[in-house]
Amino acid sequence: MDKKVVTRFAPSPTGRFHLGGVRSALYNYLFAKQNKGKYILRSEDTDKERSRKEYEAGFLELFEWLELRPDIFFRQSERTEIYKKYLEKMIADGFAYISKEEIKKEGERNEVIRFKNPNKKISFSDIVLGNITFDTTDLKDFVIAKSLTEPLYHLTVVVDDHEMEVTHVIRGQEHIANTPRQILIQEAIGASRPFYAHLPLILGKDRAKLSKRDPEVIPALEYRDLGYLPEAIINFMALIGWNPGGETEVFTLTELIEKFNLYKIQKSGGVFNSEKLDWLNKEHLKKMSPKEIEKNILTWLPEKMRNSEITAKLFPIIIERISKWGEVRDMAERGELDFFFEQPKIDKAKLAYKNSSPEKIANNLKLAIKTLESLEEKKFTTEIIKNTLMLIADNLESRGELLHPVRYALSGKEKSPDPFIIASIIGKNETLSRLQKAI
RNA sequence: GGCCCUAUCGUCUAACGGUUAGGACAUCGGGUUUUCAAUCCGGUAAUCAGGGUUCGAUUCCCUGUGGGGUCACCA
């Protein structure tokens, strides 16, 4: 290993970028970084019809968000002159020729540049898959450019990888059949052969390849809008097709750079499991500092809930109940936070606890008011309220006889955080008033 | 269909040719001072099939089957 490692990820801006590509980019990035090498991002935009600037902007924004920043970024559309030189040389050397064509489809040329196929067997050793052999005879004289200034994919890939001295081509297995063509071109232009690592495909629930044409597949950037953490996305994607072997599954980018092993990659495709992503996102959420958590929750909360003195007390309750930021917004939209800010509507029937009589419930509520009243304002904390109320509850047939109606009176919800914390958040006056009203 | 790749719990995966086939997510059951959440403990669950090689195959070989990819003047 005397040569400096150079990897590249080469998306084409012809559609909305999805998570499958993130994993390829990530592995290229990890391998380059762990070898103190270089990671190149290349926009394969030679197809003028299909390429769109907004798609390119999309993946650039994505990698910025994920902090998978390339050492070099460039576009193939800006390198036409370079490809032209190679094309001319290949024609001059007899490796390619201008071919007269019959036009079968609209937009086709009556003259294209074809590669003169030597029709031989090509074998290469893939880091993931091992030895693979293709007979290139099946490939015929394939087209490498529409004209000298309109090069096609196979030619530009080989020229760029050669010029930029890419040492490791790490890409999805959908490219495996492209490899023999590209090796043929390498041999024609005198380029050395890089190491290949063809990654197992990431599959959807139906076990088919994730595709940008599939409306079911969520574009990668939308995960940001759903409130996922970049580190969680990276962590999760890294673990489809590779695994460090221990029992730990939660890693930061830095840890991944250290642990990643290109030589221990799975051969078969893996299904994308969004439940595990959610779990992992929560794990990363738990590692964040309270300050960061507060900042994020604030931005995801509806405006009317942001600036109340109540808000500051809500963070622990919220963070416990979400796995991604988007759920903060969901909670608020579902009205699960409203009772902290305003008196809830009470349904008499729901105040009841199992078989306890209404009189008993009312009595318990009165008892609660009486004891809480005696608490000083500044002693109205979760801990003290809990101790106070528990003292009463423990003397009842079951604690629920007191705790349920109190909780319901305060929240107006069948399901909510416990009554002690709600009481401490809304304060003494509000608590007493709600209990009174319930009676 | 041709060519190529592939096969461990539902899912992601671990296991120098020798393990009670391990972990995680999900699921189920229970504890955790009422519900939800969080948390803890426990359970169910897998080597595609058939042949070899071997004292011994999840592991190596062959065949079958299943799954996937690819067959453009797209990338």
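Each residue of the first sequence is one higher than the last, beginning at 31 in the numbering used here. A virtual CB, placed ideally from N, CA and C, is assigned to each residue, including glycine.
Residue i, DSSP secondary structure in three states
i      : result
ILE376 : coil
MET31  : Note that MET31 scores a pLDDT of 49, beneath 50, so its modelled location is shaky and nothing firm can be said.
ILE483 : In the structure as shown, the chain begins at 31 and stops at 469. Residue 483 is therefore absent and cannot be evaluated.
ALA382 : coil
VAL280 : coil
GLN296 : coil
ASP360 : helix
TYR258 : coil
ILE287 : helix
MET318 : coil
THR418 : helix
ASN311 : helix
ARG464 : helix
ILE206 : helix
ILE263 : helix
GLY457 : coil
THR167 : helix
PRO100 : coil
THR412 : helix
Where residue i falls, given that 16 or more other Cβ within 10 Å makes a residue buried
i      : result
VAL11  : The requested residue 11 does not occur in the structure, where the chain is confined to residues 31 to 469.
GLN296 : exposed
ASP190 : buried
THR76  : buried
TYR438 : buried
THR282 : exposed
PRO449 : buried
GLN106 : buried
ALA379 : exposed
ASN140 : exposed
THR37  : buried
LEU465 : buried
ILE133 : exposed
ARG336 : exposed
ASN311 : buried
SER386 : buried
PRO332 : exposed
ALA87  : exposed
GLU252 : exposed
ARG498 : With the chain covering only 31 through 469, there is no way to say anything about residue 498.
ALA342 : exposed
Cross-strand partners of residue i (DSSP beta bridge)
i      : result
HIS184 : For HIS184, which the question treats as bridged, DSSP gives no partner whatsoever.
LEU233 : LYS239, VAL301
HIS198 : THR37, PHE225
SER155 : ASN161
HIS48  : PRO249
SER446 : For SER446, which the question treats as bridged, DSSP gives no partner whatsoever.
ARG472 : Because residue 472 is not part of the residues shown, which for the chain are 31 to 469, the question remains open.
TYR127 : ARG144
LYS334 : BP columns for LYS334 are empty, so no partner.
VAL189 : Answer by DSSP bridge pairing: none, since VAL189 is not bridged.
LYS68  : VAL36
VAL173 : ARG144
CA nearest to the CA of residue i, picked from the options
i      : options                        : result
VAL301 : THR163, THR37, GLY50           : GLY50
VAL52  : THR44, LEU92, SER81            : LEU92
PHE345 : LEU310, PRO447, ASP244         : PRO447
PHE172 : HIS184, THR163, PHE164         : HIS184
LYS151 : ASN291, VAL158, ILE133, LYS170 : LYS170
THR418 : HIS434, SER428, ILE399, GLU427 : ILE399
LYS63  : MET120, THR284, LYS396         : THR284
ILE162 : THR461, ALA207, HIS198         : ALA207
LYS83  : TRP95, SER42, LYS119           : SER42
ILE121 : LEU159, GLU111, ILE219         : ILE219
LEU307 : GLN373, ALA126, LEU381, ALA262 : ALA262
GLU413 : GLY442, LYS445, ALA453, LYS443 : ALA453
ASN147 : GLU217, GLU180, SER155, TYR226 : GLU217
GLY276 : VAL188, LYS289, ARG364, ILE264 : LYS289
GLN203 : SER298, LYS114, PHE370, ASP165 : SER298
LEU56  : TRP95, LEU256, PHE154          : TRP95
ASN303 : HIS434, LYS409, MET267, ASP168 : MET267
ILE174 : PHE154, GLU118, HIS192         : GLU118
PRO406 : LEU462, TYR116, VAL142         : Before going further, note that residue 406 is Glu rather than Pro in the sequence given. The shortest Cα separation from GLU406 among LEU462, TYR116, VAL142 belongs to LEU462.
VAL358 : LYS396, GLU339, ILE327, ALA342 : ILE327
Stretch-stretch touch, CB-based, cutoff 8 Å, three pairs: the region 92 to 100 with the region 54 to 69: yes
Contact the region 374 to 390 vs the region 341 to 357: 3+ CB pairs below 8 Å: no
Validate contact between the region 238 to 252 and the region 206 to 214 using beta carbons, cut 8 Å, 3 pairs: no
contact_flag[the region 269 to 278, the region 76 to 87] where n(CB pairs < 8 Å) is 3 or more: no
At least 3 beta-carbon pairs within less than 8 Å: the region 365 to 380 vs the region 415 to 429: no
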